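Residue numbers (UniProt numbering): 1 to 136. Notes for the one structure printed next.
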């Protein structure tokens, strides 16, 4: 398993980057917020989450600048019905702090986005209440 990658950004796409680490290009999926912080030629260090997509027979890498965002992904994908892609969409819209507040306050409007139905939003709130990494 890969814990982190540090390298130069070779390409920036709509949902991922190609990160050059010692002349090996890794396709790393990022949230929109992390993606906006990356530019071609910049040096970045990313925490990595690996997902073995058995249907497509590939390993997908998900990158994070903050440990909180990585922890949120790990919690979100434990909720039945939340895929890695859905979790990254949520993290593209909400910062970890905003996600924590939405769950804590049961703010269904903040969680409303394309691909998330009301039942799934309710499940996210119910299953993650009290489990977010920002407990005060």
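Just so it is clear, CB atoms sit at the ideal spot from N, CA and C, and this is done for glycine as well. On a predicted model such as this, the values are computed, not experimentally measured, just so you know.
{"Asked": "Those runs of the beta strand (DSSP E) which lie wholly inside the region 4–77 and span at least 3 residues", "Found": "4–12, 16–21, 24–29, 43–53 and 58–64"}
{"Asked": "Burial state of residue 136, where buried means 16 or more other Cβ atoms lie within 10 Å", "Found": "Unreliable placement is indicated for residue 136, whose pLDDT of 47 sits below 50; no coordinate value is reported for it."}
{"Asked": "Assigned exposure category for residue 50 - 16 Cβ within 10 Å defines buried", "Found": "exposed"}
{"Asked": "Straight-line gap, residue 55 to residue 63 (C-alpha atoms, nearest Å)", "Found": "21 Å"}
{"Asked": "Pairwise C-alpha distance: residue 107 and residue 101", "Found": "8 Å"}
{"Asked": "Within the region 70–131, ranges of the alpha helix (DSSP H) (whole runs, at least 4 residues)", "Found": "84–93, 96–104, 108–111 and 118–128"}
{"Asked": "Cβ-Cβ distance between residue 87 and residue 76 below 8 Å", "Found": "yes"}
{"Asked": "Straight-line gap, residue 130 to residue 85 (C-alpha atoms, nearest Å)", "Found": "23 Å"}
{"Asked": "Residue of 34, 121 and 120 minimising C-alpha distance to residue 95", "Found": "34"}
{"Asked": "Cut-off 7 Å between Cβ atoms - residues of its own chain near residue 70, not counting five sequence neighbours on either side", "Found": "47, 49 and 64"}
{"Asked": "Between the CA atoms of residue 68 and residue 111 - distance to the nearest angstrom", "Found": "18 Å"}
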